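If you're matching positions, the sequence shown starts at -2 in our numbering and goes up one per residue.
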Amino acid sequence: MVLDITDEVAVASAVTELGVIDILVNSAGIVGPNQPLWEISTADWDQTFAVNVRGTFQLCRAVIPGMRERGWGRIVNFASMAGKDGNANLSAYSASKAAVIAMTKSLGKELATSGVLVNVIAPAVIDTPMNAATAPDVLARLTSLIPMHRIGRPEEVAELVAWLTSDKCSFSTGAVYDISGGRATY
């Protein structure tokens, strides 16, 4: 299923079509403009927030009622180290991912006694198609911040997602999980 997560009606229709959803992984995202803040157009800023924040919000809002009713659910949102540290020339992306982190922390508290756990992953640079479009100099600079001196692999992130969406994860909600090759130690 292909879904425009910025379209509220499309999100609601997709959730209805899929039926029972016990696990939601919000991994859709865009980098947005790669330029200083003062050069970013309002349209580019808005599009970055529409995908990264509003899309995550709309999907969470659509699936949570059913999860609450069943007394069980797992939501994993994707943010970024940029949402914690900020990255030069990626202010729209950094700000949008900080918003996803804050939304996840709040939602984790709101749902803490419901059986629905919500956590967020803040990866450093991972070898994904999204990062294939990142300017080589920006990618090199971001990789240089990683003490392990390499880009993360998708399967490393997948292992964390598998745990966060399982019954083994039973005492964590509203938490930020860094997977950053040592970049984040706080």
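Just so it is clear, CB atoms sit at the ideal spot from N, CA and C, and this is done for glycine as well.
Because the structure is a prediction, the values reported are computed rather than measured.
| With a CB to CB cut of under 7 Å and the five nearest residues on each side skipped, what residues in its chain are close to S91? | Same-chain partners within the cutoff: A79, G80, G83 and N84.
| request: List the residues that DSSP assigns as beta-bridge partners of I20. | output: Its beta-bridge partners are R71.
| Using DSSP with H/G/I as helix, E/B as strand and the rest coil, what is P120? | When DSSP states are grouped into helix, strand and coil, P120 belongs to the strand group.
| Whole-Å CB distance - R65 paired with V117, under 8 Å assumed | Going by Cβ atoms, the distance from R65 to V117 rounds to 19 Å, so no, they are not a contact pair.
| task | Check whether the Cβ atoms of L184 and I72 sit closer than 9 Å, and answer yes or no. | result | What the structure shows of the chain is the stretch from -2 to 183, and residue 184 is not part of that stretch, so it cannot be assessed.
| query | Leaving out the 5 sequence neighbours to the left and right, which residues in its chain are closer than 6 Å to G70 when beta-carbon positions are compared? | reply | So the qualifying residues of the chain are D19, M64 and V113.
| query | Can you tell which of A59, C166 and R67 has its C-alpha closest to the C-alpha of V6? | reply | Distances from the CA of V6 to each of A59, C166 and R67 were compared; the closest alpha carbon is that of A59.
| query | Are the CB atoms of V28 and T3 nearer to each other than 9 Å? | reply | For the pair V28 and T3, the CB atoms are not nearer than the 9 Å cut-off.
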